[in-house]
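Please read the structure below before turning to the comments.
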Amino acid sequence: NSTLTLSILFYSLQTKKWDISSAGHVEKGKSILETAQCELAEELGITANAGELQYAFTIPAEQTPLGGCNAFEHVYFLHGNSETKMSLGMEEVSGVSWVSASKLLAALQNGDDNYAPRTKQYCEAMGSFLKKMLSGID
Numbered sequence: 054n055s056t057l058t059l060s061i062l063f064y065s066l067q068t069k070k071w072d073i074s075s076a077g078h079v080e081k082g083k084s085i086l087e088t089a090q091c092e093l094a095e096e097l098g099i100t101a102n103a104g105e106l107q108y109a110f111t112i113p114a115e116q117t118p119l120g121g122c123n124a125f126e127h128v129y130f131l132h133g134n135s136e137t138k139m140s141l142g143m144e145e146v147s148g149v150s151w152v153s154a155s156k157l158l159a160a161l162q163n164g165d166d167n168y169a170p171r172t173k174q175y176c177e178a179m180g181s182f183l184k185k186m187l188s189g190i191d
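If you want it as structure tokens, here you go:
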């Protein structure tokens, strides 16, 4: 099923690398889920209702050594495929690509330099979730 084996990548103008998430800070008065929906719309032009987003994990994001800020990352997945309509938020994203979840998993496990850096803890949590997706377990 292509909805379980494809992951979207986008080329980040900030890091000049492929990234695996559309992200933003939660604004006062908004929920985490509302923020996820807003960021998908802003960065990738994807409109998703709350029921379409699958919660994956929450992890401390100690990103200061990687050029970011320390926070918590709440990770959700939107299942789609290469037919999913997108319009890029050109202030942050300059391109998108679809890759298989197994290729993404291998890139994270091998520390591929073409991807935006992530902490070891993040890569392990993402790897665990991708393995579940690949084996068909939710």
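Quick note, in the numbering used here, the sequence shown goes up one by one and the last residue is 191. The beta-carbon is built from N, C-alpha and C at its ideal position, and this holds for glycine as well. On a predicted model such as this, the values are computed, not experimentally measured, just so you know.
Can you give me the Cβ contacts of residue i inside the same chain, cut-off strictly under 6 Å, excluding the 5 residues immediately before and after it?
i: Glu126; result: Ile112, Ala114
i: Val128; result: Ala109, Phe110
What is the DSSP secondary structure of residue i, reduced to helix, strand or coil?
i: Ser181; result: helix
i: Leu187; result: helix
Starting from residue i and walking both ways along the alpha helix (DSSP H), at which residues does that stretch end?
i: Ala88; result: Sequence check: residue 88 is Thr here, not Ala. Residues 85-97.
i: Ala159; result: 154-162
For residue i, is the classification buried or exposed, using 16 other Cβ atoms within 10 angstroms of its Cβ as the cut-off for buried?
i: Glu92; result: buried
i: Ile73; result: buried
i: Met143; result: exposed
i: Ser147; result: exposed
So, for residue i: in the same chain, excluding its five sequence neighbours on each side, which residues have a beta-carbon less than 7 Å away from its beta-carbon?
i: Leu183; result: Ala154, Leu157, Leu158
Taking the continuous beta strand (DSSP E) assigned at residue i, which residues delimit it?
i: Leu131; result: 123-131
i: Thr111; result: 106-115
Check this for me: beta carbons of residue i and residue j, under 7 Å apart or not?
i: Glu96; j: Glu136; result: no
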